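Enquirer: This is the structure I have questions about; it appears just below.
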């Protein structure tokens, strides 16, 4: 079918049926059991093309939600905003053909901008946003993200992560704003306001936010994960959980976050996805716990993580009934949706899951769909689509990039002159590699190398920084050995991209090639500036000593000009660490909450302005 005919078919179907329902309670009163089961099911979009499946299953099984996993674009990783909007509207058209015309809600991991979409504006990861200590700018960042998400038809982001990482060996450290719970409470709530509007207003001009991962994911003990720390065990008391892990969720619920995602991890040996006390009592309940800490009274809906209920046991029927009875409202299946629905149906009909629990789950889901305006505007608002990656949006990312830079050392070299007469040598693995600059969760789940999307590398930004002809540039890239010399060197190194468990490390060490690059460049110039692109503090003692200036540049942004803004003195450095920087990996976990001493740099450190 030609594209024009396909679009015409979609357009003709993107209006809820007149025989539909007018409120969550009205819907629930009219729904059959299969319709309710479908609302509780979230399917990854690629599942519909697997053998034996069809996109028409959205209609047949009354599917309530579809998501794109990391890299889940219209035709694999990437895809333009228009391609995304066409894809999402096509899925929606099948949901609207159901008896009650209940729209689906489409979700995606827009965790540092709309990071799966080619050409979108990407921001520093949360560790960099935290270093800004600027909640108002975080709100602005997520307002931009909201608008770019709306331009693709997606109405739900699995963000913000409000975890409180306590051990930076964890591969998800960069998803946390800080090791400090009060920072995460403040910054997470600022993000929720950006996504959902003030006081959780939602509506068709906002998107549903997700506070994740409830709870204790940043507190898992090293060595307890199988195979990853992400799936490990938080071996802590409820008092510690209340003091360190709970505050960001208290703040998120106060700001009326619409959804909460459960953590893969366990608390003292019991999987969070199976923990009725954590989900139904502590998150959704009222009153207080035995230590006097108020339960949160969460009114939105709870979603599982990717295929996470399968980790509860080896018995899938047990997994389904345990997870739903624990308080999970929507299950991110993500692909075996027919098996999930069939199992859920069996457990309900056996009396293992009460209908009151099903009706509560469906009511919660539909309440957020109505609040989000999906029943009145289920299709993409195409007025947002042309602004994805716009100059105005990139200006906000550039500001966030420069405010996130943390100056750790400066022996009279920064700011660099734009008009002086000197030779500037630029090199290192991250100097001109956009994919490395962005890190994980960038176009693809694990991130990549090279020009993966539209953006400006550090080297490109230096060339565009307005330097006079008296500044001689010598780009050596990764070929840092050779017969060259200079007055100043900029060497950019760091972690290669990763996400989740693939980032777990027991060394926190730079690669041998990066360490060599720093030695090579710094030994051939008079003054040497080292930039570290990473998702966490690393062990940098040798490189710190070799440098004249050292900058923690973090990862995540498409806007390299934000770095040159501070290197060349257009703006002063503002960033302050939100993580304790260890001297050695053997100090981990090393943070404010465990009274770690002897750190290389303490929480809150950062030279400002130069």
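Numbering (our numbering), first residue to last: 1073 to 1682. All C-beta atoms in this analysis are idealised placements derived from N, C-alpha and C, irrespective of residue type, glycine included. Note that the coordinates shown come from a computational prediction; the quantities given were computed from them, not determined experimentally.
(1) Return the CA-CA distance between residue 1120 and residue 1113, expressed in angstroms with no decimal places.
(2) Which of the three DSSP states is assigned to residue 1251 in this structure?
(3) Which residue spans inside the stretch 1500 to 1559 form an unbroken beta strand (DSSP E) run of at least 3?
(4) Have a look at the DSSP bridge pairing and note the partners of residue 1631.
(5) Going by C-alpha to C-alpha distance, which of 1604, 1661, 1270, 1616 sits closest to residue 1290?
(6) Can you tell me whether DSSP reads residue 1213 as helix, strand or coil?
(7) Please list the terminal residues of the continuous alpha helix (DSSP H) segment that includes residue 1111.
(8) Would a C-beta distance cut-off of 9 angstroms place residue 1066 and residue 1304 closer than the cut-off?
(9) Flag this pair as yes or no: are the beta carbons of residue 1488 and residue 1496 separated by less than 9 angstroms?
(10) Would you check if the distance between the CB atom of residue 1624 and the CB atom of residue 1601 is smaller than 9 angstroms?
(11) Label residue 1094 either buried or exposed according to how many other C-beta atoms from any shown protein chain fall within 10 Å of its C-beta, with 16 as the threshold for buried.
(12) Excluding the 5 residues flanking residue 1638 on each side, which residues of the same chain have their C-beta closer than 6 angstroms to its C-beta?
(13) From residue 1389 to residue 1606, what distance separates their C-alpha atoms?
(14) My assumption, with CB atoms under 8 angstroms, is that residue 1370 sits in contact with residue 1437. Please give the rounded CB distance.
(15) Tell me which residue opens and which closes the beta strand (DSSP E) that residue 1201 is part of.
(16) Do three or more CB pairs link the stretch 1229 to 1238 to the stretch 1559 to 1576 at distances below 8 angstroms?
(17) Is the stretch 1461 to 1472 touching the stretch 1398 to 1413, taking contact as three or more C-beta pairs under 8 angstroms?
(18) I need the straight-line Cα distance from residue 1513 to residue 1181, nearest angstrom please.
(19) Using CA atoms only, rank isn't needed, just tell me which of 1321, 1328, 1329 is closest to residue 1350.
(20) From the DSSP output, which residues share a beta bridge with residue 1114?
(21) Give the DSSP bridge partners of residue 1430, in chain order.
(22) In whole angstroms, what separates the C-alpha of residue 1426 from that of residue 1105?
(23) Specify, as a first and last residue, the run of the alpha helix (DSSP H) that residue 1331 falls within.
(24) Return the CA-CA distance between residue 1203 and residue 1242, expressed in angstroms with no decimal places.
(25) Is the beta carbon of residue 1225 sitting closer than 9 angstroms to the one on residue 1178?
(26) Just to check my reading of the structure: residue 1262 and residue 1308 have Cβ atoms closer than 8 angstroms, yes? What is that Cβ distance to the nearest angstrom?
(27) By Cβ distance, which residues of its chain are closer than 6 angstroms to residue 1666, with the 5 residues on each side in sequence left out?
(28) Just to confirm, are residue 1553 and residue 1586 a CB contact at a threshold of 9 angstroms?
(29) Does the Cβ-Cβ distance between residue 1627 and residue 1657 come in under 9 angstroms?
(30) May I have a chain-ordered list of the alpha helix (DSSP H) segments no shorter than 4 residues that lie completely inside the stretch 1293 to 1380?
(31) Just tell me which of 1288, 1153, 1674, 1682 has its CA closest to the CA of residue 1455.
Expert: Looking at the atomic coordinates:
(1) Here residue 1120 is taken as the residue at index 48 of the chain shown, counted from 1. Here residue 1113 is taken as the residue at index 41 of the chain shown, counted from 1. So the two alpha carbons sit approximately 13 angstroms from each other.
(2) In the chain shown, counting from the first residue as 1, residue 1251 sits at position 179. Coil, per DSSP.
(3) 1543 to 1549
(4) Translated into the one-based positions of the chain shown, residue 1631 becomes position 559. Answer is 1528, bridged to residue 1631.
(5) Position 218 of the chain shown, counted from the first residue, corresponds to residue 1290. Out of 1604, 1661, 1270, 1616, 1661 has the C-alpha closest to the C-alpha of residue 1290.
(6) In the chain shown, counting from the first residue as 1, residue 1213 sits at position 141. Here DSSP, grouped into helix, strand and coil, assigns residue 1213 to helix.
(7) Here the question's residue 1111 lines up with position 39 in the chain shown. Counting along the chain, the alpha helix (DSSP H) containing residue 1111 begins and ends at 1105 to 1111.
(8) Residue 1066 is absent from the model: the chain starts at 1073 and stops at 1682.
(9) As a working mapping, residue 1488 is identified with position 416 in the chain shown. As a working mapping, residue 1496 is identified with position 424 in the chain shown. Residue 1496 is positioned such that its CB atom lies closer than 9 angstroms to that of residue 1488.
(10) Against the chain shown, residue 1624 aligns to sequence position 552. Against the chain shown, residue 1601 aligns to sequence position 529. Not a contact, by the Cβ cut-off of 9 angstroms.
(11) One-based indexing of the chain shown puts residue 1094 at position 22. So residue 1094 ends up on the exposed side.
(12) For the purposes of this step, residue 1638 is identified with residue 566 of the chain shown, where counting begins at 1. For residue 1638, where only same-chain residues beyond five positions count, the Cβ hits under 6 angstroms are 1474, 1477, 1645.
(13) The residue you call residue 1389 lines up with position 317 of the chain shown. The residue you call residue 1606 lines up with position 534 of the chain shown. Rounded to the nearest angstrom, the two C-alpha atoms are 42 angstroms apart.
(14) As a working mapping, residue 1370 is identified with position 298 in the chain shown. As a working mapping, residue 1437 is identified with position 365 in the chain shown. Incorrect: roughly 13 angstroms between the Cβ atoms, too far for contact.
(15) In the chain shown, residue 1201 corresponds to position 129, counting from 1. From DSSP, residue 1201 is part of no beta strand (DSSP E) but of the alpha helix (DSSP H) over 1198 to 1204.
(16) no
(17) no
(18) On the chain shown, position 441 is the one that residue 1513 refers to. On the chain shown, position 109 is the one that residue 1181 refers to. One C-alpha to the other measures close to 8 angstroms.
(19) Stepping through the chain shown from its first residue, residue 1350 is reached at position 278. The option with the nearest alpha carbon to residue 1350 is 1321.
(20) As a working mapping, residue 1114 is identified with position 42 in the chain shown. By DSSP's assignment, residue 1114 forms a beta bridge with 1137, 1404.
(21) The residue labelled residue 1430 in the question sits at position 358 within the chain shown. Per DSSP, none; premise fails for residue 1430.
(22) Here residue 1426 is taken as the residue at index 354 of the chain shown, counted from 1. Here residue 1105 is taken as the residue at index 33 of the chain shown, counted from 1. Near 12 angstroms, if we compare the C-alpha coordinates of residue 1105 and residue 1426.
(23) Counted from its first residue, the chain shown places residue 1331 at position 259. From DSSP, residue 1331 is part of no alpha helix (DSSP H) but of the beta strand (DSSP E) over 1331 to 1334.
(24) Position 131 of the chain shown, counting from 1, holds the residue named residue 1203. Position 170 of the chain shown, counting from 1, holds the residue named residue 1242. About 19 angstroms.
(25) Looking up residue 1225 in the chain shown gives position 153. Looking up residue 1178 in the chain shown gives position 106. Cβ atoms of residue 1225 and residue 1178: closer than 9 angstroms.
(26) Position 190 of the chain shown, counted from the start, is the residue given in the question as residue 1262. Position 236 of the chain shown, counted from the start, is the residue given in the question as residue 1308. Separation of the CB atoms of residue 1262 and residue 1308 is rounded to 27 angstroms, and the pair is thereby denied contact status at 8 angstroms.
(27) For this step, residue 1666 is matched to residue 594 along the chain shown. Sequence-distant partners of residue 1666 (beyond 5 residues in either direction) whose C-beta falls short of 6 angstroms from its own C-beta are missing from its chain.
(28) The residue given as residue 1553 occupies position 481 in the chain shown. The residue given as residue 1586 occupies position 514 in the chain shown. The answer is no: Cβ separation not under 9 angstroms.
(29) As a first step, residue 1627 is located in the chain shown; it is residue number 555 there, counting from the start. As a first step, residue 1657 is located in the chain shown; it is residue number 585 there, counting from the start. No. Outside cutoff.
(30) 1319 to 1326
(31) Along the chain shown, read from residue 1 onward, the residue named residue 1455 stands at position 383. The shortest Cα separation from residue 1455 among 1288, 1153, 1674, 1682 belongs to 1153.
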